[in-house]
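Colleague:
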Amino acid sequence: MNNIPRLEVIDRRAAQDGDQPRVRKLPNDADPMTLAGELAGVERVELHFPHFTDGRAYSQAYLLRRRLRFTGDLRATGDVQVDQLLQMARTGFSSAVLNDGLSPTEAARHLEQFSGFYQRDLTVDSLPLAAARALQPGSTSD
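Read in order, the letters of the sequence shown are residues 96 to 237 in the working numbering.
#1: Quick check: Arg170 and Ser189, are their CB atoms within less than 9 Å of each other?
#2: From His143 to Pro232, what does the alpha carbon distance come to, in whole angstroms?
#3: Got a sec? Which residues, its chain only, sit under 7 Å from Gly173 by beta carbon, not counting five neighbours each side?
#4: Sorted by chain position, which residues of the same chain lie with C-beta nearer than 8 Å to Glu201's C-beta, five sequence neighbours on each side aside?
#5: Note down the Cα distance separating Arg101 from Phe147, rounded to an integer number of angstroms.
#6: For Val118, which beta-bridge partners are listed by DSSP?
#7: If you follow the alpha helix (DSSP H) that Thr200 is part of, which residue opens it and which one closes it?
#8: Does the separation of the CB atoms of Arg151 and Asp124 fall below 9 Å?
#9: Roughly how far, in whole angstroms, is the beta-carbon of Arg117 from the beta-carbon of Asn194, given that I think they are within contact range, below 8 Å?
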């Protein structure tokens, strides 16, 4: 059973840009806690990755989901690479706009490579692999 959180992968050309009153864009150096009283009615928060090595947006996503209980679309924008998508899904992102030239089909295939993890993540309440296996009938523990 695959318990990977679903992440919608969006081709950059298909991503809408323009006047979107229910969308908040948060720079990656901003504190998401400042949005605490401003999320009512917001459908999407866009978190920006200025470079694929800058992971501050992962922390922002975690804070928005866990502490602020934001249930709308959390979208990754900027320098989004295929190998980042799995971590994005596990930290609370629900969509990601791929860099130009990257294949949404390849990205979807990348998200299906793993059936479980050894650590819990933000979006799935299932047990990590080792704990789940230990609870199976016939398993032994040392």
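Cβ atoms here follow ideal geometry from the backbone N, Cα and C, with glycine treated the same way.
Modeller: So, from the listed chains and residues:
#1: Along the sequence shown, read from residue 1 onward, the residue named residue 170 stands at position 75. Along the sequence shown, read from residue 1 onward, the residue named residue 189 stands at position 94. In this structure, Ser189 lies closer than 9 Å to Arg170 by Cβ.
#2: Locating residue 143 in the sequence shown gives position 48, counting from the first residue. Locating residue 232 in the sequence shown gives position 137, counting from the first residue. For His143 and Pro232, the distance between alpha carbons rounds to 45 Å.
#3: One-based indexing of the sequence shown puts residue 173 at position 78. A distance below 7 Å between beta-carbons, with the five flanking residues on each side excluded, links Gly173 to the following residues of its chain, in chain order: His143, Phe144, Pro145.
#4: Position 106 of the sequence shown, counting from 1, holds the residue named residue 201. Same-chain partners within the cutoff: Val177.
#5: Counted from its first residue, the sequence shown places residue 101 at position 6. Counted from its first residue, the sequence shown places residue 147 at position 52. Separation of Arg101 and Phe147 (C-alpha to C-alpha, rounded to the nearest whole angstrom) is 21 Å.
#6: Reading the sequence shown from its first residue, position 23 is the one you call residue 118. Secondary-structure assignment with DSSP links Val118 through a beta bridge to Arg139.
#7: Against the sequence shown, residue 200 aligns to sequence position 105. Run containing Thr200: 199-206, per the alpha helix (DSSP H) assignment.
#8: What you label residue 151 is simply residue 56 of the sequence shown in a count that begins at 1. What you label residue 124 is simply residue 29 of the sequence shown in a count that begins at 1. For Arg151 and Asp124, yes; Cβs fall inside 9 Å.
#9: Taking the first residue of the sequence shown as 1, we reach residue 117 at position 22. Taking the first residue of the sequence shown as 1, we reach residue 194 at position 99. Between Asn194 and Arg117 the Cβ distance is about 25 Å, and since that is not below 8 Å, they are no contact.
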